[in-house]
Structure formats: structure tokens, C-alpha cells
């Protein structure tokens with residue numbers, strides 16, 4: 005007879021899920037025993053790092069990541085990263101061991117009391133199967149829910165004595181049927197709704213397109229470009245997005261919208277129709293009072309997330325798959341005949357071209373001193389990294405300098421958290437490179453942010469994952485100091501973090517580390533690290549702070 009463990013492994017194989025991210029405890033050992041040779045177990049030394057690696061892996065591969073945590077304490081340790089995965093709309097199945105069923109009523113040690121309540125509301129669905137025989141079907145359901153819009157993490161609590169239970173013939177047949185099922189979504193919006201939107205676009209005097217990270221996640225880059233080019237739409241990136249939804253070197257690309265009400269509306273002034281695709285309306289921070297849209301403007305949102313559509317403060321919405329809907333929309337517009345020139349008031353030379361990176365190679369040796377300016381440091385990193393680089397960014401105070409020097413020109417090339425918490429960068433970079441070993445990965449992670457997931461360096465070293473970690477180190481929480489000035493809250497303690505030897509920390513985890521002396525040296529180090537297949541490298545770049553602007 006087949007055990008629950010064997011049926012579970014069969015289901016995972018059938019879905020191509022053979023990588024497990026975890027940190028094992030006693031309640032997980034029965035699932036992991038006799039771990040099969042065709043599976044890969046990726047060990048993280050702390051559960052938030054485990055989930056962060058799975059997040060980067062899922063986003064890089066486009067598939068669903070599988071996580072195995074240690075009952076309630078492990079889930080508790082991972083909650084910040086699970087919240088981040090939810091904000092990122094990352095498909096992820098988070099499993100956690102549970103005490104044996106006979107011991108749960110008396111709440112023996114390691115019982116996860118109210119296991120399905122603990123991870124809410126960060127997960128789409130949380131479940132503990134009532135019988136061991138239901139584990140395969142519950143796992144299949146978890147994958148379906150994680151992968152259908154809006155994608156995101158789900159949670160399963162699995163009692164440790166379930167895996168040795170044997171399935172009878174009927175139970176095994178049910179498990180096999182669950183493994184074979186597939187659920188498909190992402191269909192185009194209804195034709196009448198698309199035709200109505202096409203009319204509005206055709207009739208608008210000066211429409212504009214705003215793209216979000218879901219365009220990248222749903223494989224809709226080419227469809228977005230085709231629409232923009234057909235209608236000659238200026239294109240803005242939605243603020244605080246974890247992915248890039250439009251090529252930033254394209255002539256129609258204008259830049260990133262500011263993440264505050266009044267400045268965003270001012271930026272869109274003069275446009276009478278705003279088409280937002282794959283982003284919320286809008287992700288704001290900080291609060292700067294003002295209207296959502298400029299006077300005279302209307303808005304239409306295309307999203308695969310029903311909640312995103314429902315909570316938009318203005319405009320109409322279509323809930324549908326992004327790529328097929330954009331393709332149908334362009335087809336309808338083409339049938340109407342001809343293309344419009346650049347919309348009235350739109351620039352023919354994009355803001356992207358006007359502010360394109362100026363570094364045509366490594367900066368001169370005298371271009372920066374120690375510490376470097378953030379601008380010089382980012383210019384150096386941008387000049388040295390290969391064009392096919394996947395960028396992971398978690399340096400909040402330097403994101404503007406990054407966007408000024410790096411143009412994302414291909415899909416799947418930029419990852420950043422949209423959840424607001426720290427700890428994503430180091431871990432996600434390791435997961436992204438595990439998922440895409442064919443592309444170099446450069447992680448720009450602030451020295452403050454790095455401390456939240458520093459143990460990811462051990463995994464990178466232990467599994468020889470060739471990630472280039474660049475740490476712009478200003479020895480402070482610079483973004484908080486900026487917010488303090490913006491919000492007029494002087495005298496806040498705990499905003500300086502001197503005395504951290506990041507090179508020593510990295511070497512302690514087995515990662516070679518270097519300290520850049522100037523911008524030219526930094527470029528040399530990045531060029532060498534990104535072309536080395538031998539494993540991870542960490543580079544510390546001491547910088548001065550360049551305050552962001554809205």
C-alpha cells in the first residue's frame with residue numbers, strides 16, 4: 005500500500021515541484037525522512053530567510069514555491085516574510101509540521117494551537133486536513149489557490165504522524181486524481197467590455213498608460229508594448245512596484261510616478277484618460293494630501309485581482325488576465341483602423357531618454373572618494389553589471405539613484421518588496437539565482453536591511469549560489485531620517501547603526517567579501533564577481549546619503 009508521504013511526493017513530482025525551502029524541526033522529520041534523490045532541499049538558518057528565498061525563487065521561475073516550516077514557532081519567525089510574499093502576490097505553498105493527532109487535544113509541546121488562524125490574514129487560505137488521507141487533496145487545493153488570481157501564499161498544517169498512514173485503494177485513487185487536476189485562469193475580459201475600453205482609448209485626447217509589476221509577473225510585457233506603440237501612449241510605472249512592467253529604455257517610457265497623492269496627480273496633469281494595468285490605484289507613502297487624479301481625468305484599471313479592483317478609490321475596472329486582455333484590446337483598436345500620433349501633450353522623446361544613464365563604462369578613479377556618493381556608487385555598479393542581470397533591490401534610501409542609472413530592458417529583471425518590511429533582499433537574491441542559474445543576480449541591499457536576513461549568506465555559500473551582494477553602507481537608517489524630516493519628527497532615537505563589520509560577517513558565513521575604496525574599484529569588483537561561477541561575493545561600498553525626493 006502507498007503511504008501519505010509517497011502520495012504527497014508523487015503529487016509534487018507531477019507538478020514539477022521538487023525544490024523544498026525549509027528549516028527542519030522535529031515535527032517536520034516524518035515528511036523529510038528518506039528524502040528522495042530527485043528532490044532538492046534548500047536549508048535556511050532562520051524561517052524568514054527560508055520564505056524570502058522561496059519568494060525570490062517563485063518570482064524568478066514563474067512557478068510556485070514550496071516551503072516547510074517548524075510548527076507554530078517557525079511560522080511566527082516567518083510571518084514578516086509571508087506578509088511580504090502576500091504583498092508581492094507570490095505563489096507559495098507554506099507547510100508546517102504539527103504535533104501528532106493524539107497529542108493535539110492536550111496541547112502537548114509544539115502543538116500549533118489554532119494553526120489555521122496563526123498565519124492569517126497574510127495567506128489566501130489556511131487549512132489543516134481532518135484526516136491523514138486528505139493530505140494529498142489538501143495539498144493539490146493549496147497549489148490551485150496559490151496559482152490562481154490573485155496569486156499569493158497559502159498555508160497547510162500537517163500533523164507529523166500523517167505521513168506514515170497507508171492509503172487503501174480508493175484513497176490512493178483519490179490522491180492520484182487530485183494530483184492530475186489542473187486549474188487554469190487568466191482569460192481575457194469579455195469582448196463588450198474590451199470594445200468599450202477601446203472606444204474610450206480611441207476617443208481620448210491625451211490618454212496615458214500606467215503599468216505595474218503584475219504585467220511582468222503575468223508575462224504581458226510584449227502585449228503592453230504593442231498597445232502603447234499602437235496608440236502612442238506615454239507610459240509611466242506605477243509607484244512602489246516590486247517588478248517592472250514596461251521596458252525602461254523604450255521611447256514611450258516616462259519614468260516612475262511619485263508615491264504620494266498630490267505629486268502623482270500633478271505628474272499626470274493634462275491626461276484625460278489613465279489606463280492602469282497590473283497595479284493598484286495607487287500604492288502611496290507618505291501621505292501628501294491631494295486628489296487621486298488631475299482635474300478632467302478618468303481612470304480605467306485592468307487587474308487580475310478582484311480586491312484590487314474593488315478598493316480602487318476612483319474609476320472603472322476590468323478583472324481579467326492581463327496578457328489576453330491587452331492583446332484583445334490592441335486587436336480591437338487595430339480593427340478600428342490607423343494609429344494616432346503621439347497623444348496631445350505627450351512628449352515624443354521620453355523622460356527616460358532625457359534622464360538616461362550617462363555612465364559609459366567604469367567611473368574614473370577620481371570620480372568618488374571614500375565614502376562615495378550613492379550616485380557614484382550606483383553608476384559604478386550599473387556600468388559593471390552584465391546587461392542580462394537580474395536586479396534585487398532593498399536599499400530604500402538609494403532607490404532613486406538606482407532608477408537613475410539602471411534601465412530594466414527585459415522581463416524578469418527586477419525584484420523589490422512591495423510590503424514595506426525589510427529582510428527581502430539577501431534572501432530573495434539567493435532564491436532568484438537558484439531559480440534562474442542562467443542569469444547573473446546582483447542584490448543591492450542597504451547595510452541596515454541586510455541585518456534582517458544576514459543568514460541568507462550561509463545558504464549562498466553552502467549551496468555555492470553565485471550572487472553578487474553589493475551593500476551600500478551609510479551606517480544609518482537613512483530613509484527613516486528622511487521621513488523624520490518630512491514628517492517633522494525630530495529627536496527620534498535608534499536611527500544610527502555604526503560598528504558593523506559586514507565583510508567579517510560575510511566571511512564568517514563563508515562568503516568572500518571586499519570593501520570598495522572608490523567608484524572605480526567598486527566597478528572592478530562587480531565586474532569580477534558577476535562573471536565568476538564559483539559562488540557568492542559580497543562587496544561593501546561605503547556611501548554618503550543622498551536624500552530621496554517625491
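Residue numbers (our numbering): 5 to 554.
From the three backbone atoms N, C-alpha and C, an ideal C-beta is built for every residue, glycine too.
Subject >> First and last residue of the uninterrupted beta strand (DSSP E) at residue 258 >> reply: Position 254 of the chain shown holds residue 258. Unbroken beta strand (DSSP E) run through residue 258: 257-260.
**OP:** Please go through the same chain and pick out, in chain order, the residues whose beta-carbon is closer than 6 Å to the beta-carbon of residue 412, but skip the five residues on each side of it.
**Re:** Locating residue 412 in the chain shown gives position 408, counting from the first residue. 248, 252 and 418.
**OP:** Determine the extent of the beta strand (DSSP E) in which residue 176 is found, giving its start and end residues.
**Re:** To locate residue 176, count along the chain shown from 1; it is residue 172. Careful: residue 176 lies outside any beta strand (DSSP E), inside the alpha helix (DSSP H) at 173-184.
**OP:** Starting from the C-beta of residue 534, find all residues in its chain whose C-beta is less than 8 Å away, skip the five residues before and the five after it, and write them out in chain order.
**Re:** Residue 534 sits at position 530 when you count from the first residue of the chain shown. Excluding sequence neighbours, residue 534 sits near 388, 389, 390, 393, 444, 446 and 472.
Subject >> Whole runs of the beta strand (DSSP E) within the segment 12-89, excluding any shorter than 3 residues >> reply: 23-26, 44-47 and 69-73
**OP:** Going by DSSP, name the residue or residues bridged to residue 170.
**Re:** As a working note, residue 170 is residue 166 in the chain shown. In DSSP, residue 170 forms a bridge with 7.
Original post:
For residue 107, which three-state DSSP category applies?
Top reply: Locating residue 107 in the chain shown gives position 103, where the first residue counts as 1. Residue 107: helix per DSSP, three-state reduction.
Original post:
Hey, residue 19 and residue 167 are a contact pair by Cβ (cut 8 Å); roughly how many whole angstroms apart?
Top reply: Here residue 19 is taken as the residue at index 15 of the chain shown, counted from 1. Here residue 167 is taken as the residue at index 163 of the chain shown, counted from 1. The Cβ separation is near 18 Å, so there is no contact.
**OP:** Rank 54, 429, 186 and 33 by C-alpha distance to the C-alpha of residue 23 and give the top, closest one.
**Re:** What you label residue 23 is simply residue 19 of the chain shown in a count that begins at 1. Cα-wise, what sits closest to residue 23 is 54.
Original post:
Is residue 101 helix, strand or coil when you go by DSSP?
Top reply: By 1-based counting over the chain shown, the position of residue 101 is 97. Residue 101 falls in the strand class under three-state DSSP.
Original post:
Cα separation between residue 293 and residue 263?
Top reply: One-based indexing of the chain shown puts residue 293 at position 289. One-based indexing of the chain shown puts residue 263 at position 259. Distance between the alpha carbons of residue 293 and residue 263: 12 Å.
Original post:
Are the segment 73-81 and the segment 128-136 in contact at 8 Å, needing three or more beta carbon pairs?
Top reply: no
**OP:** Quick one: which unbroken alpha helix (DSSP H) runs of 4-plus residues sit fully inside the segment 405-460? Chain order, please.
**Re:** 429-439 and 451-454
Subject >> Same chain, Cβ closer than 7 Å to residue 62, five either side skipped, listed in chain order >> reply: Taking the first residue of the chain shown as 1, we reach residue 62 at position 58. Closer than 7 Å at the Cβ level, and outside the excluded window around residue 62, lie 68, 69, 94, 95 and 96.
Original post:
Between residue 224 and residue 327, what straight-line distance do the alpha-carbon atoms span, to the nearest angstrom?
Top reply: One-based indexing of the chain shown puts residue 224 at position 220. One-based indexing of the chain shown puts residue 327 at position 323. Linking residue 224 to residue 327 through their CA atoms gives a straight-line distance of about 5 Å.
Original post:
What runs of the beta strand (DSSP E), each 3 residues or longer, lie entirely inside the segment 201-271?
Top reply: Within the segment 201-271, the complete beta strand (DSSP E) runs of at least 3 residues are 211-215, 239-241 and 257-260.
Original post:
For residue 333, which residues from the same chain have a beta carbon less than 7 Å from its beta carbon, with the 5 sequence-adjacent residues on both sides left out?
Top reply: As a first step, residue 333 is located in the chain shown; it is residue number 329 there, counting from the start. If we look at residue 333 and ignore the five residues flanking it on each side, its Cβ neighbours are 198, 201, 202 and 231.
Original post:
Can you tell me whether DSSP reads residue 471 as helix, strand or coil?
Top reply: As a first step, residue 471 must be located in the chain shown, where it is residue number 467. Strand, per DSSP.
Original post:
Which residue's Cα is closest to the Cα of residue 233: 257, 460 and 165?
Top reply: Residue mapping note: residue 233 aligns to position 229 of the chain shown, counting from 1. Among 257, 460 and 165, the Cα nearest to that of residue 233 belongs to 257.
Original post:
To which residues of the same chain is residue 379 closer than 7 Å at the C-beta, ignoring the five residues directly before and after it?
Top reply: Residue numbering aside, residue 379 sits at position 375 when the chain shown is read from its first letter. Excluding positions up to five away in sequence, the list reads 405 and 550.
Original post:
By how many angstroms is the C-alpha of residue 325 removed from the C-alpha of residue 140?
Top reply: Counted from its first residue, the chain shown places residue 140 at position 136. Counted from its first residue, the chain shown places residue 325 at position 321. Cα to Cα, residue 140 sits roughly 29 Å from residue 325.
**OP:** Spell out the partners DSSP gives residue 148 in its beta bridges.
**Re:** What you label residue 148 is simply residue 144 of the chain shown in a count that begins at 1. None; residue 148 has no bridge partner.
**OP:** Sort 59, 414 and 269 by Cα distance to residue 82 and report the nearest one.
**Re:** Working through the chain shown from its first residue, we reach residue 82 at position 78. If we check each option's Cα against that of residue 82, 59 comes out closest.
Original post:
Skipping 5 residues on each side, what residues in its chain have a beta carbon closer than 6 Å to that of residue 99?
Top reply: Sequence index remark: in the chain shown, residue 99 carries index 95 (1-based). Contacts found: 72, 160 and 162.
Subject >> residue 347 burial status per 10 Å Cβ neighbour count (16 or more: buried) >> reply: Translated into positions along the chain shown, residue 347 becomes position 343. Because the pLDDT at residue 347 is just 44, under 50, the model does not fix this residue reliably, and the value given afterwards should be weighed accordingly. Burial call: buried.
Original post:
Can you check whether the CB of residue 278 is closer than 8 Å to the CB of residue 214?
Top reply: On the chain shown, position 210 is the one that residue 214 refers to. On the chain shown, position 274 is the one that residue 278 refers to. Cβ distance < 8 Å, so residue 214 and residue 278 count as in contact.
Subject >> Candidates 313, 282, 238 and 268, of which the one nearest residue 291 by Cα >> reply: Working through the chain shown from its first residue, we reach residue 291 at position 287. Looking at the Cα atoms, 268 is the closest of the given residues.
**OP:** Please name the residue, chosen from 206, 152 and 128, that lies closest to residue 341 on a Cα-to-Cα basis.
**Re:** The residue given as residue 341 occupies position 337 in the chain shown. Taking only the C-alpha atoms, the option nearest residue 341 is 206.
Original post:
Are the CB atoms of residue 103 and residue 57 nearer to each other than 8 Å?
Top reply: Working through the chain shown from its first residue, we reach residue 103 at position 99. Working through the chain shown from its first residue, we reach residue 57 at position 53. Cβ distance not < 8 Å, so residue 103 and residue 57 don't count as in contact.
Original post:
On the three-state DSSP scale, how would you describe residue 350?
Top reply: Here the question's residue 350 lines up with position 346 in the chain shown. Here residue 350 scores only 46 on pLDDT, less than 50, and its place in the model should not be relied on; the value that follows carries that caveat. Coil, per DSSP.
**OP:** Could you tell me the boundaries of the alpha helix (DSSP H) in which residue 556 lies?
**Re:** Any property of residue 556 remains undetermined from this structure, which presents the chain solely from 5 to 554.
**OP:** Please name the residue, chosen from 295, 287, 259 and 7, that lies closest to residue 173 on a Cα-to-Cα basis.
**Re:** As a first step, residue 173 is located in the chain shown; it is residue number 169 there, counting from the start. For the residues 295, 287, 259 and 7, the minimum Cα distance to residue 173 belongs to 7.
**OP:** Go to residue 159, then tell me how far its beta strand (DSSP E) extends in each direction, as first and last residue.
**Re:** Walking along the chain shown from the start, residue 159 turns up at place 155. Counting along the chain, the beta strand (DSSP E) containing residue 159 begins and ends at 157-163.
Original post:
Which residues bound the alpha helix (DSSP H) around residue 504?
Top reply: Translated into the one-based positions of the chain shown, residue 504 becomes position 500. Careful: residue 504 lies outside any alpha helix (DSSP H) and carries neither H nor E.
**OP:** Could you tell me if residue 50 is buried or exposed, where buried requires 16 or more neighbouring beta carbons within 10 angstroms of its beta carbon?
**Re:** In the chain shown, residue 50 corresponds to position 46, counting from 1. Residue 50 comes out buried.
Original post:
Taking buried to mean at least 16 other C-beta atoms within 10 Å of its own C-beta, is residue 400 buried or exposed?
Top reply: One-based indexing of the chain shown puts residue 400 at position 396. Residue 400 should be labelled buried.
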